[in-house]
Amino acid sequence: MSLARFASAQSNLFEGDEESMKVLVAVKRVVDYNVKVRVKPDNSGVDLANVKMSMNPFCEIAVEEAVRLKEKKVASEIVVVSIGPNAAQEQLRTALALGGDRAILVETNDELGSLAVAKLLKAVVDKEQPQLVILGKQAIDSDNNQTGQMLAALTGYPQGTFASKLEADGDKIKVTREIDGGLQIVELALPAVITTDLRLNEPRYASLPNIMKAKKKPLDILKPEDLGVSLSSSIKVLKVEAPAERSPGIKVASVAELVEKLKNEAKVI
Amino acid sequence: MAILVIAEHDNAVLAAATLNTVTAAQAIGGDIHVLVAGSGCTAAAEAAAKIDGVSKVLVADDAIYAHQLPENIAPLIVGLAKGYSHVLAPASTNGKNYLPRVAALLDVDQISDIIAVEGADTFKRPIYAGNAIATVQSSAPIKVISVRTTGFDPASAQGGSAAIEQVAAAGDAGKSTFLGEEVAKSDRPELGSAKIVISGGRGMLSSDNFQMLYTLADKLGAAVGASRAAVDAGFVPNDLQVGQTGKIVAPQLYIAVGISGAIQHLAGMKDSKVIVAINKDPEAPIFQVADYGLVGDLFEVIPELEKLV
Ligand SMILES: Cc1cc2nc3c(=O)[nH]c(=O)nc-3n(C[C@H](O)[C@H](O)[C@H](O)COP(=O)(O)OP(=O)(O)OC[C@H]3O[C@@H](n4cnc5c(N)ncnc54)[C@H](O)[C@@H]3O)c2cc1C
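Taken in sequence, the protein lines are chains F and Y.
Each residue of the first sequence is one higher than the one before, starting from 1 at the first, in full-length UniProt numbering.
Each residue of the second sequence is one higher than the one before, starting from 1 at the first, in full-length UniProt numbering.
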């Protein structure tokens with residue numbers, strides 16, 4: 001993001017409220033964004049064997065925002081939660097190294113739909129009673145863009161989705177949102193749910209000492225049954241296919257040739 | 001079976017995305033009703049009534065729906081949804097905002113971003129930045145679906161004469177307030193529905209240099225887009241971002257200028273009919289999806305292109 005916008009996003013944060021808030025951040029373990037996944041030959045899904053896994057990039061932005069709120073003394077405690085396999089502890093440890101205080105893993109090997117995830121998160125919200133819940137706007141594997149909005153519905157909280165700037169102010173939060181036409185600014189009563197967009201901040205890297213410290217921070221592991229949530233889904237994946245390939249194109253040698261092709265061959269100008 | 005389509009509009013004008021969503025509803029089959037929720041939205045409702053294939057327009061005209069805040073519009077849709085087999089909305093930032101809230105309140109899963117209808121309960125949707133296409137079947141009693149508009153042709157905006165029926169507002173949730181918006185006014189066509197899109201990337205180097213693309217776009221009647229890198233660098237506003245996490249476009253002609261062709265960018269434009277790539281690096285991945293590739297310095301190519309078209 002531009003430095004000017006970055007600076008104003010920071011200076012506008014409310015500073016120095018000692019009665020500060022607890023923030024819950026949800027993170028998901030996903031295929032690393034640099035990996036180009038391949039569809040399995042039997043069309044049952046994508047091949048994730050031996051593929052690099054990481055924290056979903058939008059979740060990194062969520063963690064970073066929580067850490068900045070804590071640095072500004074707006075947030076008092078950061079609890080990070082993930083719903084996923086045992087290995088998602090890695091992503092939780094990363095979040096702790098970035099500045100989370102403690103972590104909760106709701107362990108399941110099932111590939112859950114967004115509604116089931118939102119129900120589990122709702123159960124965690126009921127226990128933790130955060131003032132602010134920050135999630136990524138979408139996970140780059142399922143590309144659903146649903147969980148934050150669903151959590152907001154289930155908790156009855158207002159939602160500030162696709163946030164590019166947050167300004168906390170007492171019992172309210174002002175959210176600048178990235179929308180199709182530009183930007184929209186809304187004010188939400190706390191507690192609220194926020195989902196992050198790309199321009200909210202630029203996440204930091206964890207330092208080695210912080211990675212070491214994170215190993216000692218508390219990480220609780222729960223099972224979905226402990227939270228009394230039904231994980232049934234009404235959606236069945238029938239098959240997963242590779243997208244249609246584009247037929248190979250050509251290189252043109254000059255601008256004149258390009259224009260000639262666009263006019264006479266492709267007929268698009 | 002009846003299908004409820006949620007209209008995208010700004011009270012005065014019905015957005016084109018509504019027409020694509022109606023086409024998706026037609027592919028499912030059934031009576032199609034359109035909900036126009038807004039404030040002073042008579043003009044949008046009248047436009048919706050003229051869409052070919054729509055049998056009824058429901059209008060919720062109230063100040064609380066002026067900006068379609070999800071806290072207010074979701075309960076309205078939930079109240080109406082019970083009578084329908086499907087609820088469809090365009091996968092615009094607006095639809096993406098309120099629709100999952102609707103689904104969760106109805107206690108059903110949502111199917112996001114469908115690009116094809118295989119049957120009344122079976123749909124195709126891209127996952128993993130479009131590197132895989134999933135066919136999913138839903139057994140939900142009400143199927144809540146967001147529609148990727150590039151997957152469906154627009155329904156005809158003329159020819160219909162649906163009845164317009166007022167519905168009562170559901171009340172203000174009182175949890176959110178609209179404070180303002182910064183929406184760029186432009187005479188250029190809308191990025192999502194333009195026939196030609198010219199996008200610039202990090203190779204453009206500055207905001208000023210984008211002027212070259214605007215000039216070319218105006219000559220071709222094109223919209224201007226950008227890569228994430230160009231938006232992050234502040235060359236152009238966020239709403240120009242094309243890609244997995246920005247806008248999805250599928251114009252007749254897409255010209256990528258100084259864009260490398262990362263997976264996330266390709267996810268937003270690779271269904272374009274004809275793709276042109278202009279890049280000085282012959283190895284740039286964008287050339288793998290380009291119908292016509294031109295290896296060269298954009299600062300020489302673009303001015304020349306502008307002269308020749
Ligand atoms: C979670 C996540 C979501 C993302 N979502 C999106 C998204 O929605 N859309 C998106 O675009 N990206 C997205 N990205 C970013 C994406 O991974 C790439 O970083 C980005 O697309 C790169 O932009 P670029 O091609 O402009 O820049 P670069 O990759 O830096 O490429 C610049 C290109 O310009 C060429 N060039 C430079 N100078 C000239 C010249 N004078 N003449 C000709 N060519 C020149 C270079 O050869 C190079 O190929 C996302 C990333 C993440 C992690």
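Virtual Cβ for every residue (Gly too), placed ideally from N, Cα, C.
Note that the structure is predicted; figures quoted are calculated from it, not measured.
Inter-residue Cα distance where the pair is A189(F) and K307(Y): Approximately 54 Å, taken between the alpha carbons.
Below-9 Å beta-carbon distance, A132(Y) vs any chain F residue: Under the Cβ distance rule, A132(Y) counts among the residues neighbouring chain F, one pair being separated by less than 9 Å.
CB contact below 9 Å: I61(F) versus chain Y: It does not; no Cβ of chain Y falls within 9 Å.
Residue burial classification, P191(F) (beta-carbon count within 10 angstroms, cutoff 16): It is buried - the Cβ of P191(F) has at least 16 other Cβ atoms within 10 Å.
Nearest-angstrom beta carbon gap, D113(Y) and S146(Y) [assumed within contact, 8 Å]: Confirmed, Cβ separation roughly 6 Å.
Interface residues of the region 92 to 103 of chain Y facing chain F [CB-CB below 9 Å]: Residues S92, T93, N94, K96, N97, Y98, L99, P100, R101, V102 and A103.
Beta carbon nearer than 5 Å to a non-hydrogen atom of ligand 1: Listed by chain position, these are Y33(F), P57(F), G201(Y), R202(Y), G203(Y), S227(Y), R228(Y), A229(Y), G243(Y), Q244(Y), T245(Y), G246(Y), G258(Y), I259(Y), S260(Y), A262(Y), Q264(Y), H265(Y), N279(Y), K280(Y), D281(Y), A284(Y), D297(Y) and L298(Y).
Segments assigned beta strand (DSSP E), at least 3 residues, entirely inside the region 65 to 137 of chain F: Runs of the beta strand (DSSP E) inside the region 65 to 137 of chain F: 75 to 84, 102 to 107 and 132 to 136.
Of the residues A27(Y), V117(Y) and V78(Y), the one placed nearest I6(Y), counting alpha carbons only: It is V78(Y) whose Cα lies nearest to the Cα of I6(Y).
Cβ of H9(Y) within 9 Å of any chain F Cβ: No, H9(Y) lies away from the interface with chain F (no Cβ there is under 9 Å from its Cβ).
Straight-line Cα distance separating L213(Y) from I278(Y): Near 12 Å, if we compare the C-alpha coordinates of L213(Y) and I278(Y).
In chain order, each beta strand (DSSP E) run of at least 3 residues that lies wholly inside the region 169 to 250 of chain Y: Entirely contained in the region 169 to 250 of chain Y, the beta strand (DSSP E) runs reaching 3 residues are, in chain order, 176 to 183, 196 to 200 and 223 to 226.
Own chain partners of M55(F) with C-beta closer than 6 Å, once the 5 adjacent residues on each side are dropped: The residues are V27, Q91 and T94.
Under 7 Å (Cβ pairs) to chain C, residues found in the region 157 to 178 of chain Y: Among the protein chains of the structure shown, namely F and Y, there is no chain C.
Cα-Cα separation, V67(F) to V80(F): Spanning the two alpha carbons is a distance of roughly 11 Å.
Coarse secondary structure for A7(Y), derived from DSSP in three states: Under the three-state reduction of DSSP output, A7(Y) falls in the coil class, being neither helix nor strand.
Interface partners of G100(F) on chain Y, CB under 7 Å: In chain order: nothing, as chain Y lies at least about 24 Å away.
Separation of S227(Y) from L205(Y), as counted between CA atoms: Those two C-alpha atoms are separated by around 12 Å.
Chain F contact for residue 322(Y) (CB, 9 Å cutoff): With chain Y covering 1 to 309 only, the question about residue 322(Y) has no answer from this structure.
Interface flag, A116(Y) vs chain F, CB-CB below 9 Å: With its beta carbon at least 9 Å from every one in chain F, A116(Y) lies outside the interface.
Euclidean distance between Cα positions of P126(Y) and A168(F): The C-alpha of A168(F) is placed about 36 Å away from the C-alpha of P126(Y).
V54(Y) - DSSP class collapsed to helix/strand/coil: It is coil, neither helix nor strand.
Neighbour-count burial assignment, residue 296(F), 16 or more Cβ in a 10 Å radius: There is no way to answer for residue 296(F), as the model of chain F reaches only from 1 to 269.
N- and C-terminal bounds of the alpha helix (DSSP H) containing G148(F): In the DSSP annotation of this structure, the continuous segment of the alpha helix (DSSP H) that includes G148(F) starts and ends at T147 to T155.
Three-state secondary structure (DSSP) of E178(F): When DSSP states are grouped into helix, strand and coil, E178(F) belongs to the strand group.
DSSP state of F162(F) mapped onto helix, strand, coil: Of the three classes helix, strand and coil, the one that applies to F162(F) here is strand, per DSSP.
Option nearest E111(F) by Cα separation, candidates S234(F), N264(F) and E241(F): Proximity to E111(F) across S234(F), N264(F) and E241(F) peaks at S234(F), based on C-alpha coordinates.
Nearest-angstrom Cα separation, counted from I104(F) out to S142(F): In a straight line, the C-alpha of S142(F) is about 22 Å away from that of I104(F).
Validate contact between the region 35 to 46 of chain Y and the region 62 to 74 of chain Y using beta carbons, cut 8 Å, 3 pairs: Using a C-beta cut-off of 8 Å, the region 35 to 46 of chain Y makes contact with the region 62 to 74 of chain Y, since at least three inter-stretch Cβ pairs fall below that distance.
Span of the alpha helix (DSSP H), counted from its first residue to its last, around Q110(Y): Not the alpha helix (DSSP H): Q110(Y) falls in the beta strand (DSSP E), residues Q110 to I114.
Residue nearest to A49(Y) in terms of C-alpha spacing, selected from A129(Y), G246(Y) and A157(Y): Restricting attention to A129(Y), G246(Y) and A157(Y), the CA atom closest to the CA of A49(Y) is found in A157(Y).
Short CB-CB distance (under 9 Å) between M55(F) and chain Y: For M55(F), the answer is no, since every Cβ of chain Y falls outside 9 Å of its Cβ.
Closer than 8 Å at the beta carbon, the chain Y residues around R199(F): Here the neighbours are V231, D232 and N238.
Residue of P75(Y), D232(Y), D281(Y) and V54(Y) minimising C-alpha distance to K167(Y): The question names Lys, yet the displayed sequence has Val at residue 167(Y). The candidate whose alpha carbon is nearest that of V167(Y) is P75(Y).
Contacts around A63(Y), its chain only, beta-carbon distance under 6 Å, and the 5 residues preceding and following it disregarded: Within the same chain, A63(Y) has close Cβ partners S39.
Interface residues of the region 65 to 89 of chain Y facing chain F [CB-CB below 8 Å]: So the list reads H67, L69, P70, E71 and A74, given in the order they occur along the chain.
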